[in-house]
Every structure is written in C-alpha cells, then in structure tokens.
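What follows is a single structure, written as structure tokens, with notes after it.
Residue numbers (the working numbering): 93 to 212.
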C-alpha cells in the first residue's frame, strides 16, 4: 500500500501542476522545503509551488525506497530537475509527510540540496 501511495504523490508532483498536488493536502497543511520558511495552508503552498516551478522547466522523481511509520511516510528519491537552460540535473532527496484520518496530507517536508540545480 505504501508503494502505491508514494507513487501517487510523486505522480502529482511530477505533473508539474501545483493545483493537482495541492488537492492531496489538508486545507491547513504545512510544507517545509529545505531550509526555506514553512508554508502554512493550501493557498500558501500553492503560491510557493508556483513560484518554485517558475524557476525550473520540469522534474521527475525516481523512488529509491520508502517506509511507513504510523501516519508518516518517508521516501528517498532521486529527483531529476530540468533547468530552464534545458539541462537535466539529478539530486537525492528525502520527503516525509503525515497523513490525517481523512487521507489528506497535513505536514510535508522535503530535504534536498538544490545548489547543483541552480549552479552556473
């Protein structure tokens, strides 16, 4: 079951359509991307994703492995970002999210070093 859930979440992210991803979130969800300030609420997360997606030309996740601990899912991925110059750059990332009883994600955290994506 965890594999299916993880694939579903990353299919939404990789669609490069922030609205599709935020449909998975509780209205009062939080998202923390790396060392950026937390985004609180579905609308703030949507705005943050739109801003981030404007700096890249696409992305895709390859799930390396995942675990479930209670309501938390942990996914190790290799993420390939398509830069605005057309070059692809792959980095390792870990995403951790908590799902509430309604099946919606209430807390989502992404740990990744994006420096190679934006390097000259």
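Idealized CB from N, CA, C, for every residue including glycine. Here the structure is a predicted model, which is why all the values come from computation and not from measurement.
Classify residue 169 as helix, strand or coil using the three-state DSSP reduction. Sequence index remark: in the chain shown, residue 169 carries index 77 (1-based). Correct three-state label for residue 169: strand.
Which same chain residues end up closer than 6 Å to residue 131 when comparing Cβ atoms and leaving out the 5 residues on each side of it in sequence? Along the chain shown, one-based indexing puts residue 131 at 39. Hits under 6 Å: 123, 137 and 140.
List in chain order: all unbroken alpha helix (DSSP H) runs of 4+ residues lying wholly within the stretch 109–134. 110–114
If you run the structure through DSSP and keep just helix, strand and coil, what is residue 191? Within the chain shown, numbered from 1, the residue matching residue 191 stands at position 99. Strand at residue 191.
Can you tell me whether residue 150 is helix, strand or coil according to DSSP? Start at 1 with the first residue of the chain shown, and residue 150 comes out as number 58. Three-state result, residue 150: strand.
Looking at C-alpha atoms only, which residue of 108, 166 and 184 is the closest neighbour of residue 205? Residue mapping note: residue 205 aligns to position 113 of the chain shown, counting from 1. Comparing Cα-Cα distances from residue 205 to each of 108, 166 and 184, the minimum goes to 184.
Residues that DSSP places opposite residue 202 in a beta bridge: Here the question's residue 202 lines up with position 110 in the chain shown. Looking at the DSSP assignment, residue 202 forms a beta bridge with 125 and 187.
Cutoff 8 Å; reference residue 144; Cβ partners in own chain excluding five residues on either side: For the purposes of this step, residue 144 is taken as the residue at position 52 of the chain shown. Excluding residues within five positions, the ones whose Cβ falls inside 8 Å are 125.
Take every Cβ of the stretch 99–108, pair it with every Cβ of the stretch 153–172, and state whether three or more of those distances are shorter than 8 Å. yes
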